[in-house]
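Numbering (the numbering used here), first residue to last: 22 to 107. Note that beta-carbon positions come from the ideal geometry of N, C-alpha and C, so glycine has one too. Predicted, not measured: the structure shown is a model, and the values here were computed from it.
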Amino acid sequence: MKYHYQFVSKTKVRIEVIPEDRKESSLLEALLQENEDNNLELTEYFRKGLSTYNGDAILTKTNFMKYPKVALCSFEISVEAIENLS
């Protein structure tokens, strides 16, 4: 999967999951049929997308804007990263 990341605020980003092949497209289509906002596999894709752009971020909430491909993701910065800044 590819990810399109758009900064919204200090604690929120818009992430779009972009399938790269038919297998990934089929997977997203299957998730669309299930229509479960709390799907762990789908949440993992958004977590990976977030970590690609900010490795210190921890995904805390996913609000879908266009299920299952686009979500507004809330996050916080890990305690270790904050301590390293000090």
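So what does DSSP say about residue i, is it helix, strand or coil?
i	result
S72	helix
E65	helix
S95	strand
E37	strand
K44	helix
With a threshold of 7 Å, establish whether the CB of residue i neighbours any heavy atom of the ligand MG.
i	result
H25	The ligand MG is not among the ligands present in this structure, which contains no ligands whatsoever.
Residue i and residue j: beta carbons closer than 8 Å?
i	j	result
L80	M86	no
G70	V29	no
L61	P89	no
Y26	V34	yes
S95	T32	yes
Ordered along the chain, which non-local residues of its own chain (more than five positions away) have a Cβ less than 7 Å from that of residue i?
i	result
Y66	M22 and V38
T64	T83
Whose C-beta lies closer than 8 Å to the C-beta of residue i among residues of the same chain, with five residues either side of it excluded?
i	result
E45	M22
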